[in-house]
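Data first, discussion second: the structure below is written as structure tokens.
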Amino acid sequence: MQCDAVLITGNCIVNESMLTGESVPVTKTPLPNTTGMKSENDPEVTIKTHSRHILFCGTHVIQTRFYGNQKVKAVVLRTGFSTSKGELVRSIMYPKPVDFKFQRHSYYYVMFLSFIAILGFIYTV
């Protein structure tokens, strides 16, 4: 898959080892209540709540299964760096800065020792 897509009809067996490291294929089922009519009570599709229905970017579809004359259909949710694989790549390329308390305190310690050294130098001169 080259995008994140939500499965509307049919079932898929997907290898998600690229993202999760699992060696066992995962079965994806269609999103329930996809009648085509949107009402105000319909929940928003999110990754956390609907992960069983979403085909993620970077995964490999092994098998599809459809019922009757319906083909397997999916609607694209995200593309590019907005996909789950894109977020993974972004987090590797641009990591968040790490603030270690030990490192910050070591700078204070070095400044304190420098101040003591300057005082000692002034006292000897």
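Residue numbers (this note's numbering): 8 to 132. All residues carry an ideal CB built from backbone N, CA and C; glycine is no exception.
Local conformation of residue i per DSSP, three classes
i	result
glutamine 77	coil
leucine 84	strand
Alpha-carbon spacing of residue i relative to residue j, whole angstroms
i	j	result
valine 132	isoleucine 125	11 Å
glycine 87	cysteine 64	9 Å
proline 102	leucine 14	32 Å
methionine 8	proline 37	16 Å
threonine 32	glutamate 23	According to the sequence as given, residue 32 is proline; it is not threonine. The straight-line gap from Cα to Cα measures roughly 7 Å.
lysine 92	glycine 75	33 Å
leucine 95	methionine 118	39 Å
alanine 81	asparagine 40	14 Å
threonine 34	methionine 100	31 Å
glutamate 29	valine 52	24 Å
phenylalanine 128	lysine 108	30 Å
proline 104	histidine 112	17 Å
Residue i: first and last residue of the uninterrupted beta strand (DSSP E) it sits in
i	result
histidine 67	67-72
threonine 34	33-35
leucine 14	11-16
Reference residue i; option with closest CA among the options
i	options	result
valine 79	Lys108, Thr34, Val68 and Asn18	Asn18
serine 58	Tyr116, Gly127 and Leu26	Leu26
isoleucine 20	Gln70, Asp11, Lys55 and Cys10	Gln70
histidine 67	Asn40, Cys10 and Tyr130	Cys10
aspartate 106	Met100, Tyr114 and Ile99	Tyr114
threonine 2	Arg72, Leu62 and His112	With the chain running from 8 to 132 in the structure shown, residue 2 is simply not present.
isoleucine 54	Gly28, Gly127, Val83 and Gln77	Val83
Run of the alpha helix (DSSP H) containing residue i, from where it starts to where it stops
i	result
arginine 111	108-131
isoleucine 99	91-100
methionine 25	24-27
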